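Here the sequence shown stands for residues 313 to 575, where the numbers follow the working numbering.
Heads up, the beta-carbon is just placed ideally off N, CA and C, and yes, glycines get one too.
Only a predicted model underlies this, so the values are computations on that prediction, with no experimental measurement involved.
Quick notes on the structure that follows.
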Amino acid sequence: MASGKSSKAGRKKPPVVAAKTTPWGTIAAVVVVVVFAAAVFGYAFMQNRQRDQQAGALAPYTPSSANQDPSKAIPGVVTASFPAGQHVTPNQRVAYTHFPPFGGAHDYTWAACGGVVYPAAVRNENMVHALEHGAVWIAYDPARVSGDALNSLRSKVDGKPYTLMSPYPGLDQPISLQSWGHQLKLADATDPRVDQFIQSLRRNQYAYPEVGASCDALGPGQFDPSKPPPFDPAPPGPGAVPEQGANAPAPAGEQPRPPGGTG
């Protein structure tokens with residue numbers, strides 16, 4: 313008979329099984345990635361949906377051969393006819409009859425209009441030339457447009473081709489939109505007609521004279537967008553070039569006065 317010692321010695325101890333630990337760190341990381349991805353895709357989906365909705369809303373205001381001037385459907389748009397190619401020199405003024413002007417004689421050099429937001433008011437004669445190239449100009453009264461309203465307008469211009477924006481002291485309405493031969497004055501920066509006007513008339517080949525013309529700055533010595541010629545609020549004077557051009561008869565009586573002009 314085997315002794316008690318031999319019996320105990322022959323027994324094997326059961327193996328020790330280590331308990332598995334839950335990889336909480338990995339799980340947390342995966343959850344974070346999934347939540348982040350969901351947020352990104354959700355944001356992209358909403359952005360695309362908003363763009364599609366906006367595109368659908370603006371579709372009736374997209375120019376075509378069958379609808380050459382969609383701005384006719386926008387309430388409040390004023391139109392006028394102006395001869396193209398009527399130029400003045402940098403030291404000449406034009407006797408504009410609309411403020412801001414939206415056509416007529418203008419400087420030989422155009423204001424840079426490739427999505428430029430000018431912090432100060434710019435000379436009328438340069439801004440009008442940009443309209444002849446197919447740009448839309450948003451002007452605003454700095455005394456009445458600021459904060460969110462100003463940022464809303466800036467977002468429609470900054471970096472956008474064939475658009476430009478500047479303050480225009482003394483406007484009879486807080487906001488005025490111009491393209492060649494078209495103008496729309498508004499009180500609210502969130503008015504849907506802002507987008508409708510831009511969609512209808514920016515580079516509308518049926519609505520401006522110099523199709524294909526550039527909006528780039530001409531370079532040193534001509535028009536410098538960092539130091540543009542300033543807006544002159546004074547009356548243009550008796551020697552001003554008529555709005556319709558040098559060959560047009562001078563307007564009778566007192567010269568038109570820009571907003572804010574004195575004397």
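Ordered along the chain, which non-local residues of its own chain (more than five positions away) have a Cβ less than 7 Å from that of residue i?
i    : result
Q380 : Y518
If you drop the 5 nearest sequence neighbours on each side, which residues of the same chain put their C-beta closer than 8 Å to that of residue i?
i    : result
T502 : A461, S464
By a C-beta neighbour count over all protein chains shown, 10 Å radius and 16 as the cutoff for buried, is residue i buried or exposed?
i    : result
R456 : exposed
Q556 : buried
A564 : Because the pLDDT at A564 is just 46, under 50, the model does not fix this residue reliably, and the point stays unresolved.
G575 : Since pLDDT at G575 reaches only 34, below the 50 mark, its modelled position is unreliable, and the value read off the structure follows with that caveat. Classification of G575: exposed, given that the 10 Å Cβ count is below 16.
W336 : exposed
T421 : buried
F543 : buried
F348 : exposed
Q534 : exposed
A558 : exposed
S491 : buried
P382 : buried
T338 : exposed
Could you check whether residue j and residue i sit closer than 8 Å to each other, using their CB atoms as the reference points?
i    : j    : result
G469 : G426 : Looking at the sequence shown, residue 469 is not Gly but Val. No. Outside cutoff.
A447 : R505 : no
L621 : I450 : Any property of residue 621 remains undetermined from this structure, which presents the chain solely from 313 to 575.
G531 : R405 : no
V400 : P541 : no
Y452 : Y480 : yes
L370 : Q485 : no
D419 : P402 : yes
Between which residues of its own chain and residue i is the CB-CB distance below 6 Å, once the five residues before and five after are set aside?
i    : result
N516 : P375
K384 : none
V390 : Q495
Y430 : S478
E522 : E444, H445
Q398 : A417, G557
V553 : V400, Q404, V406, A417
Return yes when at least one heavy atom of the ligand ATP lies under 7 Å from the C-beta of residue i, else no.
i    : result
A423 : Absent from the structure shown: the ligand ATP. Ligands present: none.
For this session: Entirely within the region 471–530 and at least 4 residues each: give me those alpha helix (DSSP H) ranges in chain order.
Result: 505–513
For this session: Please determine if the region 489–502 and the region 407–424 are in contact, where contact requires at least 3 C-beta pairs separated by less than 8 Å.
Result: yes
Exercise. Pairing CB atoms from the region 522–533 with CB atoms from the region 438–454, are three or more of them under 8 Å?
Worked result: yes
For this session: Let me know the alpha helix (DSSP H) ranges lying completely inside the region 399–457, each 4 residues or longer, listed in chain order.
Result: 436–444
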